[in-house]
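A.B. asks: In my numbering, the protein residues as written are 2 to 271. One structure coming up, written as structure tokens, with questions to follow.
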């Protein structure tokens with residue numbers, strides 16, 4: 002790793018960082034197409050208060066993920082996901098109980114749950130070590146859960162078969178390559194800048210679900226234009242209006258924003 006991810010950290014508290022990351026992502030405003038303090042973005046079934054309840058419900062699980070990783074640290078990497086999955090599903094149920102069945106943070110639970118879990122396994126917590134360990138644990142995940150299944154396809158399987166998109170599974174198996182690319186292009190200042198970097202390159206399955214590959218290309222191009230020409234608060238508000246008009250929500254990039262903030266904090270010695 003280079004740039005922002007090159008600096009090692011001193012024993013960071015990953016569960017605490019994970020909770021703070023979710024709050025920072027929620028409060029970031031304006032957030033084009035996404036729920037923030039101004040509006041509900043392109044979502045009609047969720048709002049800021051629901052996201053707050055969701056965070057409060059799932060935050061206690063982050064320390065449990067880390068403890069589970071520590072308890073089973075001596076077991077082979079290829080056994081770890083089977084150990085983690087039941088706890089991840091229980092965390093999801095806590096989310097659904099708080100949101101009356103609305104999926105507010107399923108992607109965040111997956112990504113941040115993995116980070117917390119591997120934090121309990123690695124002896125020297127650095128951004129690079131956490132990403133490498135997540136990649137090791139998720140080796141073969143795309144082949145098993147997207148490429149190798151038969152029968153009725155899930156949304157993720159359909160996108161994989163139709164477009165070759167690997168979604169959250171592929172990002173985890175890669176050790177959060179998209180996040181690391183965005184961090185290395187980011188100036189380390191406004192989180193809006195990191196979100197735009199992510200939207201410019203992320204193969205966001207949420208955008209494909211809502212707007213097909215045209216919707217994905219539209220958001221990527223819009224973000225790249227703002228990064229190239231410069232942006233301000235008004236430009237972000239205009240992008241928000243444009244995405245809402247098209248019913249586009251870059252929810253995958255929002256999940257990765259939380260991951261990116263944690264990695265940058267670790268790299269910065271938090």
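Just so you know, even glycine gets a beta-carbon here, dropped at the ideal spot from N, CA and C. Predicted model, so just to flag it, every value in this text is computed and none were measured.
Distance, Cα to Cα, residue 241 vs residue 72?
C.D. replies: The straight-line gap from Cα to Cα measures roughly 44 angstroms.
A.B. asks: Quick one, which of 215, 252 and 234 has its alpha-carbon nearest residue 168's?
C.D. replies: If we check each option's Cα against that of residue 168, 252 comes out closest.
A.B. asks: Would the beta-carbon of residue 224 fall within 9 angstroms of that of residue 200?
C.D. replies: In contact: residue 224 and residue 200 (Cβ atoms closer than 9 angstroms).
A.B. asks: Within the same chain, show all residues whose beta-carbon is closer than 6 angstroms to that of residue 74, passing over the 5 residues directly before and after it, in chain order.
C.D. replies: Correct list, in chain order: 122.
A.B. asks: Does residue 55 pass the burial test, meaning 16 or more other C-beta atoms within 10 Å, or should it be called exposed?
C.D. replies: Buried, because 16 or more other Cβ atoms sit within 10 Å of the Cβ of residue 55.
A.B. asks: Tell me the rounded alpha-carbon separation between residue 129 and residue 194.
C.D. replies: C-alpha separation (whole angstroms): 22 angstroms.
A.B. asks: Could you name the residues of the same chain whose beta carbon sits closer than 6 angstroms to that of residue 8, not counting the 5 residues immediately before and after it, in chain order?
C.D. replies: For residue 8, the predicted structure reports a pLDDT of 44, less than 50, and the residue's modelled location is therefore unreliable. A value from the coordinates is still provided. Cβ within range, chain order: 268.
A.B. asks: Less than 7 angstroms between C-beta atoms, sequence neighbours within five positions excluded: which residues of the same chain meet that for residue 3?
C.D. replies: With a pLDDT of 47 at residue 3, under the threshold of 50, the modelled position of this residue cannot be trusted, and the question is left open.
A.B. asks: Taking all protein chains shown into account, decide if residue 264 is buried (16 or more other Cβ within 10 angstroms of its Cβ) or exposed.
C.D. replies: Buried, by the Cβ-count rule.
A.B. asks: Less than 8 angstroms between the CB atoms is what I'm expecting for residue 204 and residue 192, so what's the real figure, rounded?
C.D. replies: Going by Cβ atoms, the distance from residue 204 to residue 192 rounds to 21 angstroms, so no, they are not a contact pair.
A.B. asks: Is it the case that the Cβ atoms of residue 202 and residue 34 are separated by a distance below 9 angstroms?
C.D. replies: It is not a contact, given that the beta carbons lie outside the stated cut-off.
A.B. asks: Taking the alpha carbon of residue 67 as the reference point, which residue from 126, 254 and 37 has its own alpha carbon closest?
C.D. replies: When each option's Cα is compared against that of residue 67, the closest is 126.
A.B. asks: Identify whether residue 259 lies in helix, strand or coil by the three-state DSSP scheme.
C.D. replies: Helix.
A.B. asks: Where are the alpha helix (DSSP H) runs, 4 residues long or more, that stay fully inside the stretch 177 to 259, in chain order?
C.D. replies: Entirely contained in the stretch 177 to 259, the alpha helix (DSSP H) runs reaching 4 residues are, in chain order, 178 to 186, 192 to 202, 206 to 230 and 234 to 246.
A.B. asks: With distances taken between CB atoms, is the gap from residue 160 to residue 209 smaller than 9 angstroms?
C.D. replies: Yes, Cβ-Cβ distance for residue 160 and residue 209 is below 9 angstroms.
A.B. asks: Residue 78 and residue 137 - do their beta-carbons sit closer together than 9 angstroms?
C.D. replies: Taking 9 angstroms as the Cβ cut-off, residue 137 and residue 78 qualify as a contacting pair.
A.B. asks: Using only alpha-carbon positions, find the residue among 80, 115 and 76 that is nearest to residue 89.
C.D. replies: That would be 115, whose Cα lies nearest to the Cα of residue 89.
A.B. asks: Under 7 angstroms Cβ to Cβ from residue 143, same chain only, skipping five residues before and after it: list those, please.
C.D. replies: Cβ within range, chain order: 167, 170, 171 and 174.
A.B. asks: For my contact list, residue 259 and residue 23 are in at a C-beta cut-off of 8 angstroms; report their separation, rounded to the angstrom.
C.D. replies: About 6 angstroms separates the two Cβ atoms, so the contact holds.
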